[in-house]
Amino acid sequence: MSNFDYQQIDDVIHSRIRTAVMAVLVSVEEAEFNFIKEKVNATDGNLSVHIKKLEDAGYLTVKKNFVDRKPVTRYKLTSKGYKAFEKYIANLESIIKGK
Numbered sequence: 005m006s007n008f009d010y011q012q013i014d015d016v017i018h019s020r021i022r023t024a025v026m027a028v029l030v031s032v033e034e035a036e037f038n039f040i041k042e043k044v045n046a047t048d049g050n051l052s053v054h055i056k057k058l059e060d061a062g063y064l065t066v067k068k069n070f071v072d073r074k075p076v077t078r079y080k081l082t083s084k085g086y087k088a089f090e091k092y093i094a095n096l097e098s099i100i101k102g103k
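Sequential numbering from 5 applies to the sequence shown in the working numbering.
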């Protein structure tokens with residue numbers, strides 16, 4: 005039996021959509037909103053709320069600009085976000101392995 009404390013799991017990341025967003029961003033240098041939306045299969049509004057929580061936690065940065073007069077929003081994991089996601093995965097692995 006493990007002595008794992010469930011409170012070690014990062015509440016900011018531990019949501020289906022936020023976990024998926026983090027997984028997408030850890031695999032690319034940066035990604036546009038629509039790319040993430042397609043990968044995560046979420047609505048604009050729902051995804052925006054979850055991305056804002058990750059941004060507020062300092063886990064990702066947002067870059068907004070215009071391309072051909074259309075707004076484009078890009079997201080990138082911060083060093084803090086990358087480390088938090090690594091720790092999140094390690095915590096899940098320790099639960100699975102019973103450590």
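Even for Gly, the Cβ is constructed at its ideal location relative to N, Cα and C.
Everything numeric in this text was worked out from a predicted model, so none of it was measured.
DSSP state of Glu59 mapped onto helix, strand, coil: helix
Is DSSP giving Glu36 helix, strand or coil here? strand
Quick one: using the 10 Å Cβ neighbour count with 16 as the cut-off for buried, is Met5 buried or exposed? Because Met5 carries a pLDDT of 47, less than 50, the predicted location of this residue cannot be relied on, and the following value inherits that uncertainty. With fewer than 16 other Cβ atoms within 10 Å, it is exposed.
Determine the closest residue to Val44 out of Ala24, Gly62, Val53, with distance taken between C-alpha atoms. Ala24
Quick check: the Cα distance between Leu51 and Ser19, rounded to an integer number of angstroms? 12 Å
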